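Comments concern the structure below.
Residue numbers (my numbering): 139 to 200.
So, in C-alpha cells, the structure goes:
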C-alpha cells in the first residue's frame, strides 16, 4: 500500500507512473481475469490472476 489510510488498495507504488490492465479469458470452463500493474517503462510490476469461481460467492448461481 502506498498510504495506510487506503485500506481498500491491494497493491500500489509511490513516486512512479503506472497504469492498470485487465485481460479476460472466457474460454476456460472457469473463466479468468488477469490484472497487471504496468510502469510507464513497460515493466509489469504486479500481476494477479483470478478465476470466476474465486470472484463468485459460493451460494450464488452462475
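Even for Gly, the Cβ is constructed at its ideal location relative to N, Cα and C.
On a predicted model such as this, the values are computed, not experimentally measured, just so you know.
So for residue 192, helix, strand or coil by DSSP? For the purposes of this step, residue 192 is taken as residue 54 along the chain shown, with counting starting at 1. In the three-state DSSP reduction, residue 192 falls in the helix class (H, G or I).
On the DSSP bridge assignment, give the partners of residue 162 in chain order. Reading the chain shown from its first residue, position 24 is the one you call residue 162. Under DSSP, the beta-bridge partners assigned to residue 162 are 171.
Sufficient close CB pairs (3 or more, under 8 Å) joining the region 186 to 197 to the region 155 to 171: Cβ pair count under 8 Å is three or more, so yes.
If I measure Cβ to Cβ from residue 154 and keep anything under 7 Å in the same chain, skipping five residues before and after, which residues do I get? As a first step, residue 154 is located in the chain shown; it is residue number 16 there, counting from the start. Hits under 7 Å: 177.
For residue 185, list the residues DSSP reports as bridge partners. On the chain shown, residue 185 is found 47 positions in, with the first residue counted as 1. For residue 185, DSSP records a beta bridge to 174.
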